[in-house]
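Before any comments, here is the structure.
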Amino acid sequence: METDKPSGNRLHLAISTHDIEATVDDYSKRVGARPCLHIAGEYALWRTALLNLSVRKTTDTPSGVVRHVGWEVPDTAPNSEVFTCETDVNGLVWERFTAQQQADEINDIWVDEHYQPNQSNK
5 METDKPSGNR
15 LHLAISTHDI
25 EATVDDYSKR
35 VGARPCLHIA
45 GEYALWRTAL
55 LNLSVRKTTD
65 TPSGVVRHVG
75 WEVPDTAPNS
85 EVFTCETDVN
95 GLVWERFTAQ
105 QQADEINDIW
115 VDEHYQPNQS
125 NK
C-alpha cells in the first residue's frame, strides 16, 4: 500500500496509567531507553527513531487504555505547521503533529517544565 506520509515519521501512542513511576520503570525496559521527559507522578514521554510514546496519569480512564494514536512528523513535512486530529471508523483518535507542537502542548499544561525536543530533560 502506498501512502503520502513522508519518511521520518514516528508512530505516536498515548496511553493512560494510574501509576506513572511503575509505568516509567516498565516501559523504559521495553523501549530500551529512559524517557526524554518525566514529570514525576504525572507524565512521561519517550521519543525513539520510530516511536513517540507518552503516558499520562488519568483518573477518568482505566489504566492501560490507548487514549489516542497518530504521527509525529518532521518540521519539514508538508503541512507540518498544522496540528490535525481526526477520529477513525473505530472511534480511535489520530493526531498529526511536530515535536515542537507536542512540546508546546506539554509546556501549556506543565508550565514549569520548559520542555524542548532534542534536549536532555528530566
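With my numbering as the guide, the letters of the sequence shown map in order to residues 5 to 126. A virtual CB, placed ideally from N, CA and C, is assigned to each residue, including glycine.
What does the Cβ neighbour count give for residue i, buried or exposed, with the cut at 16 atoms within 10 Å?
i: Gly-74; result: buried
i: Pro-78; result: exposed
i: Arg-34; result: exposed
Whose CA, out of the options, lies closest to the CA of residue i?
i: Val-59; options: Arg-38, Val-115 and Glu-85; result: Arg-38
i: Trp-98; options: Ala-107, Glu-76, Val-115 and Asn-83; result: Glu-76
i: Ala-44; options: Asn-122, Gly-36, Gln-120 and Trp-114; result: Trp-114
i: His-118; options: His-42, Thr-80, Thr-88 and Lys-61; result: His-42
With a threshold of 7 Å between beta carbons, is residue i in contact with chain D?
i: Ala-26; result: Here there is only one protein chain, and chain D is not present.
Name the DSSP beta bridge partners of residue i, please?
i: His-42; result: Ala-48
i: Leu-17; result: Leu-57 and Val-73
Helix, strand or coil, according to DSSP, for residue i in the structure here?
i: Val-97; result: strand
Cβ pair count under 8 Å reaching 3, the region 79-95 against the region 40-59: no
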